[in-house]
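Each residue of the sequence shown is one higher than the one before, counting from 143 in my numbering. Comments concern the structure below.
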Amino acid sequence: GYGILFFAASALLPLSTTWLMVTGSIGLLLAGAFGVTVLASFNALMQRIVPDRYRGRVFGVKEIATTGALLLATGTLALPDWKNLDLWIGPLLILTRVVPIIAGAMSSIIRTRRSKRGALLSFAQNFNEFICKSWYRLRCMGRVTIPREGAVIVTSNHVCAADPLLISACAPYRPIAFLVAAEYTRVPLMNLPMKLVDCIPVNRDGADTAGTKKALRHLKHGKAVGIFLEGRIMLPDEAPDPKEGVAMLALKTGAPVVPAHISGVIRTSSIAKGLLARHKARVRFGQPVDLSYIKAEFEGREAVKEATKRIYDAIQALAPDKKSN
């Protein structure tokens, strides 16, 4: 709708020939690209939800309705002897676009209002899911084991800056508050989605009691907390270095720990490259790690070390070379 409105502007605005061609071309490209996307999405949805025995009839009715509407519109404009019809092309295009634009806006408003998470957060999560599945080519391999409610710690390996987006896109039904480096929460635009899901800023020196306390409060209030076990992005030539923060929080709160493994992404410590690169991301989730025996068999520091090892092993067990697709 907006693409055709842009095209209509070329017929209404007093533009030079060059700008007329540029504006019209951009409008047609936008309208064509989004039109094909909507049509492909509609056909894919129909293929998925219509039973085989009715599919031919349903698509037949769709083709009849589409062709009939096209013939009706063409006949209405072409057959009568309209005077100076070309002068009305712009207003006619605008008129025909008003209805789908209003319908699209209303459907978006209704969908976001129905969400328990609020309109802004719901929109952000839908948008993130769209980006991850289209640009990052994300696929969730197997069942997503993150519970829909209640305190939970989600932990995985850390291979690029897009990792939190990928995990969140696999569980769009609930926000996950990730622990993030404090300096990123002060970057304009980047800090907005972090505030929406109430991410937890932590200092890189490893002695941030404020971040730990906030994570404990999140879990106490039944929220989902995301922590990367290795603490930072690990490049292929670096030795594994699992941190003990996940185990400490799990043992202290009793919150279940859901392991995940991310693969298929371009491994880089560059924030910009990690976010902009075209990945072929795959995320696998495992069953919550059983830490019930640790408190009975270990004490103090040894309990934390054993829990960390068990969590790390659970993440590595999900790697694609150890688990078939």
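For every residue, glycine included, the Cβ atom is placed at its ideal position computed from N, Cα and C. Everything numeric in this text was worked out from a predicted model, so none of it was measured.
Here C282 carries a strand assignment [DSSP, helix/strand/coil]. Every alpha helix (DSSP H) stretch that sits fully inside the segment 239–324 and reaches 4 residues is listed by chain position as 261–276, 305–312. The Cβ atoms of A366 and P314 lie no closer than 9 angstroms to each other. Its chain contains P401, G428, V431 as the residues whose beta carbon lies nearer than 7 angstroms to that of A456, once the 5 sequence neighbours on both sides are disregarded; these appear in chain order.
For the pair L214 and G169, the Cα-to-Cα distance works out to about 24 angstroms.
Taking a C-beta distance under 9 angstroms as the contact criterion, A423 and A304 qualify as a contact pair. C282 places its beta carbon 9 angstroms or farther from that of I408. By the criterion of a C-beta distance shorter than 6 angstroms, F320 is surrounded in its chain by P306, C341, G368, once the five residues flanking it on both sides are discounted.
Contact annotation, L187 with F148: C-beta distance approximately 27 angstroms; criterion of less than 8 angstroms not satisfied. The beta-carbon separation of I295 and V446, rounded to 14 angstroms, does not stay under the 8 angstroms limit for a contact. Excluding sequence positions up to five before and after P378, its CB lies within less than 8 angstroms of the CB of R409, all in the same chain and listed in chain order. In the structure shown, G428 adopts coil according to DSSP, grouped into three states.
A contact is defined here as three or more CB-CB pairs under 8 angstroms, and the segment 150–157 meets this definition with respect to the segment 222–237.
The three-state secondary structure of H403, taken from DSSP, is strand.
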